[in-house]
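Engineer:
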Amino acid sequence: RDGKLVVVSRDLTRFTDASFLVPTLQAALDDWRRISPHLAAMAESLENNAVPSARFHEHDAHSPLPRAYQWADGSAY
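Residues in the sequence shown are numbered consecutively from -19, following this note's numbering.
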């Protein structure tokens, strides 16, 4: 339902699966202090061709944060 997290190369041509580390971007944001160094290392490994990767096709990607976790009523303002 929320997809899975991948790391995309700087030139937007390749990606590697990051879901073994953290399942979604929301989960990464919720634990950013712990997760961000691992994602940065994974990105560097991707740039150096040190991790398995696949061709990135932009049209296959979905919204990074597909749904809101809070409903806030602003009608009274």
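Backbone N, C-alpha and C define an ideal beta-carbon position, used for all residues, glycine too.
Whole angstroms are fine: how far does the CA of Ser55 sit from the CA of Gln6?
Structural biologist: If you take the alpha carbons of Gln6 and Ser55, they lie about 27 angstroms apart.
Engineer: Whose C-beta lies closer than 6 angstroms to the C-beta of Val31 among residues of the same chain, with five residues either side of it excluded?
Structural biologist: Only Thr(-4), Ser25 meet the Cβ criterion.
Engineer: Report the residue from Lys(-16), Arg13, Thr(-7) whose alpha carbon sits nearest the alpha carbon of Ser33.
Structural biologist: The candidate whose alpha carbon is nearest that of Ser33 is Thr(-7).
Engineer: By Cβ distance below 8 angstroms, which residues in the same chain neighbour Asp11 in space, the five residues on each side in sequence not counted?
Structural biologist: Hits under 8 angstroms: Val2.
Engineer: Since I believe Leu19 is in contact with Ser(-1) (beta carbons under 8 angstroms), could you give me their beta-carbon distance rounded to a whole number of angstroms?
Structural biologist: 12 angstroms between Cβ atoms; not a contact.
Engineer: Quick one: Cα of Arg14 to Cα of Asp(-18), how far?
Structural biologist: Cα-Cα distance, rounded: 21 angstroms.
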